[in-house]
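Counting from 856, one number per residue, gives the positions in the sequence shown under the numbering used here.
Take a look at the structure set out below.
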Amino acid sequence: MSRLTDLIAQAKAKDQALGQELEREFKVLSSRRSFGLNFERHLPESVELPGRPVRKGDKVRILPSRGSTAKGDQRLWKVLKLETVNGKKTAQVDLLDAAEPEQQQVAAADLIVVAEFMDYIYPGLVSTGKVERGGDKPFHTVINGENFHAVEALTFTHRGKIDMIYVDPPYNTGAKDWKYNNDYVESEDLYRHSKWLAMIERRLKVARELLNPKDSILVVTIDEKEYLRLGLLLEQTFPEARMQMVSVSINPAAVARAGFFGRSDEYYFFLMFGAAGVKPTPLSEEWITTKGRTHKGDIRWDLLRKSGSSPTRDGHPETFYPFFISSDGKKFHSVGEPIGVGANRKDTMPPKGTIAVWPIRKNGTEGRWRLKPSTAREVLKAGCLRIGELKGQSTPIYYLAEGERQKIEDGTYDVIGKREDGSVITSTLESTERVTVPGTQWRIGSHDATQYGTRLLLKLLPDRRFPFPKSLFAVEDVLRLFLVGKRDALVLDFFAGSGTTAHAVMRINKQDGGRRQSILVTNNEVAADEQAKLRKGNLRPGDAEWEKWGICDYITKPRIEAAITGKTPDGEDIEGDYKFTDEFPMAEGFEENAEFFTLTYETPVAVSHNRAFERIAALLWMRAGSEGRRIQKLPVKGWEVADTYGLLIDLDKAAPFCKAAGAKRTIRIAYIVTDDERRFQSVARRLPEAIEPIRLYESYLTNFRFSMGR
Ligand SMILES: C[S@@+](CC[C@H](N)C(=O)[O-])C[C@H]1O[C@@H](n2cnc3c(N)ncnc32)[C@H](O)[C@@H]1O
């Protein structure tokens, strides 16, 4: 037994609770890695739920009086009793984790409910509006709520189904850009990094359940404040992913600070899962490396002789062999075999009428080819080897590397003829666009966040300000690089801010007729300076007059509505045109659908089946694809079939239900409500194979009980 465990045992003997607490902390410390990222997990994380009615058993904080800008009492209380005293709803509250017991009688209106992440939650969704211009297309959804809980709820609707998660979290700048446990994390906070890491890690761990492990991408954007720690965190959290970091110039003018380099870029981490990878994509000339010979219109022939690292024959006998070409240097005859270690090339006899060409370096020493003879023969057969200017045995041989050969296959270049040596002659690209895979440095004018983030947003929502939206076109490029060809892709952004991601998904849908869908989550935070003003005006979070200034209600939803309708919130046509890949007036809008929801926190106690069902109705619809009609109320006849799913609540009506569901080709899911597993199985067997049967408990909310923060 180590000295520490011995001491813990002694502490336990004296004070059981203290000993156990010490033991728990010791276990946490000893399970830490010796290498990698070590940080305090800051448990538990909590979030205030403005507007949520206070119920018996809730955890609450007592709010400062109206008009006060004080931070207020941060202690947590439990509601023991609710009663009406002199016509006013009053709560008896008991201090949690108190050294000395303490109770108070408080007006219920002065309490705010707090959810700790280890608590069970019963999420619901309430629709707060929709925009429909997309016919039968699936709906983009926007959820106003705490993202940890919203993503938990999505584990029911979208487990393993998301194609791309794109998140742009608060960058932890110290400038009141995010809150931990209801407190802004400022630059002098000694725990600012670990709080941020704990916050991000907790959300990424839940979000990983949503990614399709066979083929999906996670993109996380960040700047210099946290990129080092975030990189390690991502590596530790997703060891199975292939990860790359790209540097993106978002401010060509560079922000100057005395003594520092001008800051002009930020970083995107790309994590690729399963088969996912960057797709060759049509990109403008700006993306193409201008240095030297690459991609400036003609296909690129490379020298077959190896340069760079290990360019010599030593240690690589398999790539030292001759090419036999006609003595006039016009035609290939054949590809020879490696002559082996120590053999003298002068002992090789070329076939009659040919000369042997070797990989001789400029300094006269023996080099090696980039390809083995078997591959060289295949490449020669495909017309992708070419003879350079005749220089005897040092005549240069050129080849098309795999990436260039691919461009012939995918039609970027056409073969328009052949040279005498059998090599292909290819077309020259006229357009300024190239199908290509970019490098890891992006200096693209359209990614300028001021021009195409802030200013573009102002066109959609004149007079409304959102701090640091991404350039619409930068997000669009990220999506295109992975989702070209994936026209039904599902994209999730749970730090959605102004909603750029949904807007970009709509852009790429328009470009290729896609039906991609975005799911956005953002809270309804009011900016720090605005909060102080509202508090002085006697308002509090939860008041309608406060909430209307929150990000989700004031920016995200109106932005998406404006993008789709082509009109500002005042009903004016949006001025200006979209630029770059697809140029058209913004006033044209998009033929897309979107629905807005608010995340609710339900209690399974004393809720009628009807009300409980209404709260989960949207989750059932989302799991079936967020498409078509939603079953919003419990069907009186015992079953109902909508466009993409059906619901059976009276199992005696299984026969007509299965018949109706089977008759509709678009049905994907049958929700069968029963507490009896055998009855569920018997109905499930009667459904066609294409329909997924899902059992729901009769007490609807218990199907959606989550606590992943434990
Ligand atoms: C950096 S912004 C994202 C900006 C966005 N990419 C854009 O282009 O507009 C991060 C957003 O996440 C939201 N957010 C921060 N913490 C959150 C949380 N715990 N739950 C939900 N949203 C959160 C903030 O309100 C903020 O708007």
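Ideal Cβ positions, reconstructed from N, Cα and C, are used throughout, including at glycine.
Using the three-state DSSP reduction, which class does residue 971 fall into: helix, strand or coil?
DSSP places residue 971 in strand when its eight states are reduced to three.
Would you kindly work out how many angstroms separate the C-alpha atoms of residue 1356 and residue 1176, rounded to a whole number?
Rounded to whole angstroms, the gap between the alpha carbons of residue 1356 and residue 1176 is 54 Å.
Enumerate in chain order the residues of its own chain whose CB-to-CB distance from residue 979 is below 7 Å, with the five nearest sequence positions on each side excluded.
Residues 1455, 1457, 1470 and 1471 of the same chain have their beta carbon placed closer than 7 Å to that of residue 979, with the five preceding and five following residues left out of the count.
Whether or not the stretch 1426 to 1446 and the stretch 948 to 961 are in contact is what I'm after, with contact meaning three or more pairs of Cβ atoms, one per stretch, closer than 8 Å; do they touch?
With contact defined as three or more Cβ pairs closer than 8 Å, the stretch 948 to 961 and the stretch 1426 to 1446 are not in contact.
Where the alpha helix (DSSP H) containing residue 1333 begins and where it ends:
For residue 1333, the enclosing alpha helix (DSSP H) covers residues 1327 to 1338.
Where do the ends of the alpha helix (DSSP H) carrying residue 1361 lie?
Looking at the DSSP string, the run of the alpha helix (DSSP H) that includes residue 1361 is 1355 to 1367.
From the DSSP output, in three-state form, read off residue 1536 for me.
Helix at residue 1536.
Nearest to residue 1283 by alpha carbon, out of 1292, 959, 1295 and 1270?
For residue 1283, the closest of 1292, 959, 1295 and 1270 by C-alpha to C-alpha distance is 1270.
For a test of the three-state rule: what should DSSP assign to residue 1448, helix, strand or coil?
Taken through DSSP and simplified to helix, strand or coil, residue 1448 comes out as strand.
By Cβ distance below 6 Å, which residues in the same chain neighbour residue 894 in space, the five residues on each side in sequence not counted?
Excluding residues up to 5 positions away in sequence, 1049 and 1052 lie with their Cβ nearer than 6 Å to the Cβ of residue 894 in the same chain.
Between the stretch 1000 to 1019 and the stretch 1384 to 1400, can you find at least three pairs of beta-carbon atoms closer than 8 Å?
The answer is no - the stretch 1000 to 1019 does not touch the stretch 1384 to 1400, with fewer than three Cβ pairs under 8 Å.
Beta strand (DSSP E) segments (min. 3 residues) lying fully within the stretch 1482 to 1520:
With a minimum length of 3 residues, the continuous beta strand (DSSP E) runs that stay inside the stretch 1482 to 1520 are 1494 to 1496 and 1500 to 1503.
Under 7 Å from any heavy atom of ligand 1, does the C-beta of residue 1561 make it?
Not so, every heavy atom of ligand 1 lies at least 7 Å from the Cβ.
Taking 7 Å as the cut-off, is the C-beta of residue 1323 nearer than that to any heavy atom in ligand 1?
Result yes, Cβ under 7 Å from ligand 1.
In chain order, which continuous runs of the beta strand (DSSP E) of length 3 or greater are located wholly inside the stretch 1372 to 1397?
The qualifying runs are 1372 to 1377.
Environment of residue 1439 [buried if 16+ CB atoms lie within 10 Å]
Note on residue 1439: under 16 other CB atoms within 10 angstroms of its CB, so exposed under the neighbour-count rule.
Closest to residue 1167 by C-alpha separation, out of 1133, 1121 and 1214, would be which residue?
Residue 1167 has its Cα closest to that of 1214, out of 1133, 1121 and 1214.
Contact under 8 Å by Cβ, residue 1276 with residue 1185
In this structure, residue 1185 lies closer than 8 Å to residue 1276 by Cβ.
Spatial neighbours of residue 1085 within its chain, please: CB distance less than 6 Å, with the 5 preceding and 5 following residues excluded, ordered by chain position.
The residues are 1077.
Which of helix, strand or coil DSSP assigns to residue 1003
Of the three classes helix, strand and coil, the one that applies to residue 1003 here is helix, per DSSP.
Could you round the C-beta distance between residue 1092 and residue 1060 to whole angstroms and report it? I think they count as a contact, below 8 Å.
The pair is a contact, with the Cβ atoms about 7 Å apart (cut-off 8 Å).
Report the CB separation of residue 990 from residue 1391 in whole angstroms; it is logged as a contact under 8 Å.
So it is not a contact: roughly 48 Å between Cβ atoms.
Compute the Euclidean distance between the alpha carbons of residue 992 and residue 911, then round it to the nearest angstrom.
Going by the C-alpha atoms only, they are around 43 Å apart.
Between which residues of its own chain and residue 985 is the CB-CB distance below 6 Å, once the five residues before and five after are set aside?
Close CB contacts of residue 985 within its chain, under the 6 Å cut and outside five residues either way in sequence, are with 1450 (chain order).
Going by C-alpha to C-alpha distance, which of 1253, 1498 and 1418 sits closest to residue 1476?
The shortest Cα separation from residue 1476 among 1253, 1498 and 1418 belongs to 1498.
Less than 7 Å between the CB of residue 1003 and some heavy atom of ligand 3, yes or no?
Only ligand 1 can be found as ligands here, which leaves ligand 3 out of the picture.
Residue 1269 in three-state terms, based on DSSP:
Looking at residue 1269 - three-state DSSP - the assignment turns out to be coil, as it is neither helix nor strand.
Can you tell me the Cα-Cα spacing of residue 1337 and residue 1490, whole angstroms?
Going by the C-alpha atoms only, they are around 42 Å apart.
Any idea if residue 890 is buried or exposed, counting beta-carbon neighbours within 10 angstroms, 16 or more meaning buried?
It is exposed - the Cβ of residue 890 has fewer than 16 other Cβ atoms within 10 Å.
For residue 960, report the span of its beta strand (DSSP E) as first-last.
Here the beta strand (DSSP E) through residue 960 covers 958 to 962.
Residues near residue 1483 by beta carbon distance below 8 Å, same chain, minus five either side:
Taken in chain order, the residues that qualify are 991, 1497, 1498, 1499 and 1521.
Quick one: does the C-beta of residue 1376 sit closer than 7 Å to a heavy atom of ligand 1?
Checking every heavy atom of ligand 1 against the Cβ of residue 1376, one is found closer than 7 Å.
Between 902, 883, 960 and 964, which lies nearest to residue 920 when the distance is taken from Cα to Cα?
Of the listed residues, the one whose Cα sits closest to residue 920 is 964.
If we call anything under 8 Å between Cβ atoms a contact, is residue 1312 one with residue 1373?
Going by C-beta atoms, residue 1312 is not nearer than 8 Å to residue 1373.
Short of 6 Å in beta carbon distance, which residues of its chain neighbour residue 1503, apart from the five on each side in sequence? Order them along the chain.
The answer, listed in chain order, is 1494, 1512 and 1527.
Over what stretch of residues does the beta strand (DSSP E) that includes residue 1547 continue unbroken?
Counting along the chain, the beta strand (DSSP E) containing residue 1547 begins and ends at 1547 to 1551.
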